[in-house]
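One structure is given here, and the rest of the page talks about it.
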Amino acid sequence: MSGAPARPAGGLPDDPAGREAMAGEFVLGTLDARTAQLVSVAMQADPVWRKAVEAWQARLAPLATLVRPEAPPPDTWDRIEARIAPQRAPRAKRAARMAWVWRFWALGATAVAAGIAAFAFAPRPEPERIMTVLVTDRNAPALMAEVDRSGALRLSALPATTGRQLQAPSGRSLQLWGLPVGATARVSMGVLPHEPGKVTMMPGGAVRPSPGMLIEISVEPEGGSPTGQPTGPMVFFGRLGVAGPDT
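Start counting the sequence shown at 1; every next residue gets the next number (UniProt numbering).
Next comes the structure, spelled out in structure tokens:
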């Protein structure tokens, strides 16, 4: 019996680059149902696939914290209760409501206790992660942008992004821009390489990427805009936000 890890038959790439790209698409949720199922099976059978998916989950998980949670309306439980059991007796309704109150109180007390314990034993806070996903004019995710500890902006292509999407037209350049909160004029953050699959840009002068800053990439004449402001169409854009501690 061979010691090689089992793989599902067909449908999955064997090369590292293809596996990395498909693992990222699996985490992003852009695979079709059949291929996603194959990846799920591969994760159970092959530690290489499992590690590839877990790496993308860790990389993209902080983006979920950019979405602020919304509390449900206070009458949500009453409306659900009325819909699923409209004929219940008033006493039963009151009992159920009191049970919900006590359940809510117990959960709240547990959360408070957990919060006190976390505060008492929490390690020193880690630096916040400032990042965003740059999307195309069709709202398709294309590049991850993250500020590193030196203040540089790191750009890396997402798995579903093709090299062609990241290439400037012949005789043109892609230029990175920042629009800080409250500013009215964009500031150039540099001209990107011909194919910016993974690049670190160190803004010059007083420009420092920060939460709320709009990050954009435009198509410009070769070598960059001659005016100091965008002259061509914006092809990628996103707004930086705080996504949690840097690990």
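Heads up, the beta-carbon is just placed ideally off N, CA and C, and yes, glycines get one too.
Since we're looking at a predicted model, the values are computed, not measured.
Between the alpha carbons of residue 190 and residue 156 lies a gap of roughly 16 Å. Put simply, the backbone Cα of residue 208 is about 35 Å away from that of residue 19. Put simply, of 148, 180, 222, 237 the residue whose alpha carbon is nearest the alpha carbon of residue 199 is 148. Around the C-beta of residue 138, fewer than 16 other C-beta atoms lie within 10 Å, and the residue is accordingly described as exposed. Fewer than three Cβ pairs drawn from the region 30-46 and the region 170-181 lie within less than 8 Å of each other, which leaves the two stretches out of contact. Straight across, the Cα-Cα distance linking residue 216 with residue 158 is about 16 Å. Around the C-beta of residue 132, 16 or more other C-beta atoms lie within 10 Å, and the residue is accordingly described as buried.
Secondary-structure assignment with DSSP links residue 133 through a beta bridge to 144. Boundaries of the alpha helix (DSSP H) harbouring residue 23: 16-28, taken from the DSSP string. Straight across, the Cα-Cα distance linking residue 242 with residue 25 is about 23 Å. C-alpha of residue 235 to C-alpha of residue 192: approximately 13 Å in a straight line. Our two residues, residue 52 and residue 35, have alpha carbons roughly 15 Å apart in a direct line.
A residue is called buried once 16 or more other Cβ atoms fall within 10 Å of its Cβ, and residue 222, having fewer, is exposed. Assignment of beta-bridge partners to residue 175 by DSSP yields 191, 218. The C-beta distance from residue 130 to residue 60 rounds to 15 Å, too long to meet the 8 Å contact threshold. Nearest neighbour of residue 46 by Cα position, chosen from 228, 17, 12, 58, turns out to be 12.
Taken atom to atom, the span from the alpha-carbon of residue 146 to that of residue 188 is near 17 Å. Shown here, residue 158 sits in coil according to DSSP, grouped into three states, outside any helix or strand. Pairing residue 181 with residue 144 gives a Cβ-Cβ distance that is not under 9 Å. A distance of 9 Å or more separates the beta carbons of residue 218 and residue 238. In this structure, residue 142 and residue 134 form a Cβ contact; the two beta carbons are roughly 6 Å apart against a cut-off of 8 Å. Here the alpha carbon of residue 227 sits roughly 29 Å from the alpha carbon of residue 140. As the crow flies, the alpha-carbon of residue 48 is around 38 Å from that of residue 177. Collapsing the DSSP output to three states places residue 239 in a strand.
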